[in-house]
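A.B. asks:
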Amino acid sequence: MASFSPTNEQRGCLNLFNTGESLRIEAAAGSGKTTTLHYLLSDGALPGRALYTSFGRKVIDEAKAQFPSGRIDVRTNHSLAFRSVGSRWQAQGRLVSRIPAFQLASDMGWADATFSPYCDQRTGAYFVLRTIDRYCQSLDDRISVRHAAGLGSGRMAGESAKALAALLVNLAHDVWARMMSPRDRMPITHDVYLKVFCLAKPQLGYRLIMLDEGQDTTELLIGLLSIQERCNLVVVGDSHQQIYSWRGATNAMSSFKTAHTARLTQSFRFGPAIASIASDVLLSYCDASLIVTGLDSIPSELKAMESVRCVLSRTNCGLIAELVTHVDVEPHARFGVVGGVADLEKLLEGAAALKRGERTHVSELAEFTSWREVEEASEEEYGRHLTPLVKMVEQHGLPKLFGVVAMVRGNERDEESCKTLFSTAHKSKGREFESVMLTDDFTIRTAEADAGENGGWNVEEGNLLYVAVTRAKLSLDPYACYAATDAITTARALRTANTATATPARAPIAEL
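Anchor point for the sequence shown: position 381 equals 381 in full-length UniProt numbering, and the numbering is continuous, going up by one each time.
#1: Given S54, which residues of its chain have a CB within under 8 Å of its CB, disregarding the five upstream and five downstream residues?
#2: Is L224 near V175, with beta carbons less than 8 Å apart?
#3: Closer than 8 Å by C-beta to L14: which residues in its own chain qualify, once you throw out the five before and the five after it? Chain order, please.
#4: Tell me where the alpha helix (DSSP H) around S254 begins and ends.
#5: Taking the alpha-carbon positions, what's the D319 to E461 distance?
#6: What is the C-beta distance between Y244 and Q228, in whole angstroms, given that I count them as a contact (C-beta under 8 Å)?
#7: So, are the CB atoms of H361 and Y126 less than 8 Å apart?
#8: Looking at the strands, I want to know which residues DSSP matches up with Y52.
#9: Among the residues of its own chain, which have a CB less than 8 Å from the CB of Y466, if the five just before and after it don't count?
#10: Which residues does DSSP pair with V234 in a beta bridge?
#11: Under the assumption that residue 514 contacts P187 (Cβ atoms under 8 Å), give the Cβ distance between them as a whole number of angstroms.
#12: Between the C-alpha atoms of S116 and A163, what's the straight-line distance to the nearest angstrom?
#13: With H, G and I counted as helix, E and B as strand and the rest as coil, what does DSSP make of H147?
#14: Please go through the same chain and pick out, in chain order, the residues whose beta-carbon is closer than 6 Å to the beta-carbon of E375, but skip the five residues on each side of it.
#15: Rounded to a whole number of angstroms, what is the C-alpha to C-alpha distance between F158 and G150?
#16: Roughly how many angstroms lie between the CA atoms of A497 and S22, to the nearest whole one?
#17: Between Y52, H190, E219, which has its C-alpha nearest S69's C-alpha?
#18: Just to confirm, is the Cβ distance from V338 to F422 under 8 Å?
#19: For G350, which residues in the same chain have their Cβ closer than 6 Å to its Cβ, ignoring the five residues on either side in sequence?
#20: In whole angstroms, what is the alpha-carbon distance linking R71 and T265?
#21: Report the three-state DSSP secondary structure of M437 (helix, strand or coil).
#22: Which of the three DSSP states is assigned to E364 in this structure?
#23: Distance, Cα to Cα, S31 vs R269?
#24: CA-CA distance, C317 and N8?
#25: What residue from A491, M437, A447 has the CA that sits closest to R471's CA?
#26: When you compare only the Cα positions, how much space is there between F402 and R98?
#27: Tell whether a beta-carbon distance below 8 Å holds between L476 and A425.
#28: Check the C-beta distance from T485 over to V311 and give it rounded, since I have them as a contact under 8 Å.
#29: Within 10 angstroms of the Cβ of E415, are there 16 or more other Cβ atoms? Answer buried if so, exposed if not.
#30: Roughly how many whole angstroms lie between the Cα atoms of A161 and C119?
#31: Can you round the beta-carbon distance between Q215 and M180 to whole angstroms, since I take them to be within the 8 Å contact cut?
#32: May I ask which residues mark the beginning and end of the beta strand (DSSP E) holding D133?
#33: Would you list the one or two residues that DSSP bridges to E301?
#34: Using only the alpha-carbon positions, how far apart do P202 and T387 sit?
#35: Quick one: what does DSSP say V311 is sitting in, helix, strand or coil?
#36: Confirm, please, whether the CB-CB distance from G271 to P299 is below 8 Å.
Here it is in structure tokens:
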């Protein structure tokens with residue numbers, strides 16, 4: 001690669017790559033993993049036909065712009081299956097991005113009685129879709145109760161939950177049969193044709209496969225790549241950026257048993273100050289002793305700021321609260337929401353439905369039967385993430401909240417014109433911003449949580465905090481975020497006591 005000076009870690013990756021054996025590369029946030037893969041392809045010994053693949057379209061588009069033309073196929077996971085399988089559904093006009101629950105219920109002729117006494121027609125249809133989604137992400141050959149387990153668990157337990165799961169499996173089989181029929185008009189999603197492709201256990205014909213963002217790869221894709229014959233595999237990703245288990249992603253970084261493991265810990269995104277808090281979060285919230293190194297040439301800092309480029313929230317509830325606050329202070333400023341406002345509008349519509357005494361399928365509110373239940377939950381630790389939404393509804397009312405969201409709709413299409421951007425941590429993944437402020441809705445790790453007594457905590461919450469703090473390039477304001485400041489003080493206590501491998505008592509917040 002012209003004008004490229006590899007680090008010692010990158011040279012180590014090249015040496016291991018040239019052995020021709022499988023390789024796992026753990027790459028910290030901002031450590032130049034795509035550049036490293038380009039380096040391997042340009043300077044390494046290719047064994048033959050090669051593939052670079054990842055789940056996300058954005059990652060693939062960036063790779064196409066960087067990788068040497070003609071030396072490697074660059075394709076999304078789904079495009080591997082589209083030409084041979086998915087195209088036939090597209091030709092029939094049956095391929096869609098998502099299937100609405102109400103549409104499925106209508107197409108299948110389901111009524112409330114179909115799901116009685118467990119739930120109504122629309123909720124039941126949503127559960128059937130989730131059952132099929134889980135099946136499509138799995139290695140299993142058939143839909144089973146494993147794919148319906150836990151659906152509706154917030155509403156029922158014991159024998160009722162088991163009976164609902166059995167019903168969902170039977171109905172999912174009916175839907176799947178119609179999806180597979182060439183004479184039916186039942187629509188399918190992209191995950192369905194990928195599942196059909198993988199069920200055939202195809203050989204892709206590559207001698208080298210590079211899997212990027214490996215931490216977010218599904219069980220299904222792991223299975224497909226694992227059965228490839230005479231093929232060297234390079235898996236690249238960051239185990240601590242695994243934040244999509246809710247959609248079937250699993251930590252492929254630990255699932256693949258590779259001959260070699262390498263690490264990229266030098267971040268080119270930020271300087272030492274932000275690298276330090278990233279290492280703190282890894283230690284105290286992810287149980288990882290990895291030390292991220294920042295570039296000395298980047299003058300990054302932690303400081304309280306009144307104005308930042310991007311405000312990051314854990315939840316849509318926290319995001320909308322921050323957005324309303326900023327609009328109140330600066331009503332004429334232009335603000336934008338990363339990824340658009342559709343999720344915020346759905347959240348507000350869900351709140352409105354509960355206030356009318358109706359159920360909602362919005363994920364944040366689906367377990368509740370009334371707005372009063374939401375208010376009560378917001379006062380408990382497990383419902384702490386709902387507090388910003390409840391306060392905003394009480395203080396401003398839903399009409400104003402809908403108006404604020406409508407005011408910023410579409411602004412994300414021209415981010416440069418926006419004074420401040422707002423994003424959830426999930427949607428910020430893969431992005432970077434000059435300055436970032438964290439809101440106080442990230443989940444706090446407590447001794448009770450570690451003991452399994454707090455349903456709001458799991459290790460993915462720690463990963464999400466790590467993703468959030470590593471979005472900043474120059475300035476990070478973590479001081480309004482209790483979880484971030486707790487991570488710092490706990491890491492200090494751990495290092496002082498030199499007990500990084502033990503489970504610590506949670507350190508109290510200190511003045512930072």
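Note that CB positions come from ideal geometry on N, CA and C, so glycine has one too. On a predicted model such as this, the values are computed, not experimentally measured, just so you know.
C.D. replies: Result, derived from the coordinates:
#1: I60, A63, T76, N77, L211, D212, E213
#2: no
#3: P6, Y39, L40, D43, G44
#4: 252-255
#5: Per the sequence shown, residue 319 should be read as Leu rather than Asp. The straight-line gap from Cα to Cα measures roughly 17 Å.
#6: Rounded, the Cβ-Cβ distance is 23 Å, inconsistent with contact.
#7: yes
#8: V74, M210
#9: A29, H240, Q241, A278, V281, L282, Y285, C286
#10: L23, M210
#11: In the structure as shown, the chain starts at 1 and stops at 512, and residue 514 therefore has no counterpart that could be examined.
#12: 11 Å
#13: helix
#14: V390
#15: The residue you asked about is not Phe; residue 158 is Gly in the sequence shown. So the two alpha carbons sit approximately 11 Å from each other.
#16: 38 Å
#17: Y52
#18: Yes. Within cutoff.
#19: Taken in chain order, the residues that qualify are T360, V362, L365.
#20: 28 Å
#21: strand
#22: coil
#23: Taking the straight line from one Cα to the other gives about 7 Å.
#24: Taking the Cα positions, C317 is about 44 Å away from N8.
#25: In terms of CA proximity to R471, M437 leads the group A491, M437, A447.
#26: 25 Å
#27: no
#28: Actually they do not touch by this definition, with Cβ atoms about 17 Å apart.
#29: exposed
#30: 11 Å
#31: That pair is no contact at about 32 Å.
#32: Unbroken run through D133 is the alpha helix (DSSP H), 121-137; no beta strand (DSSP E).
#33: Paired residue(s): S475.
#34: 49 Å
#35: strand
#36: yes
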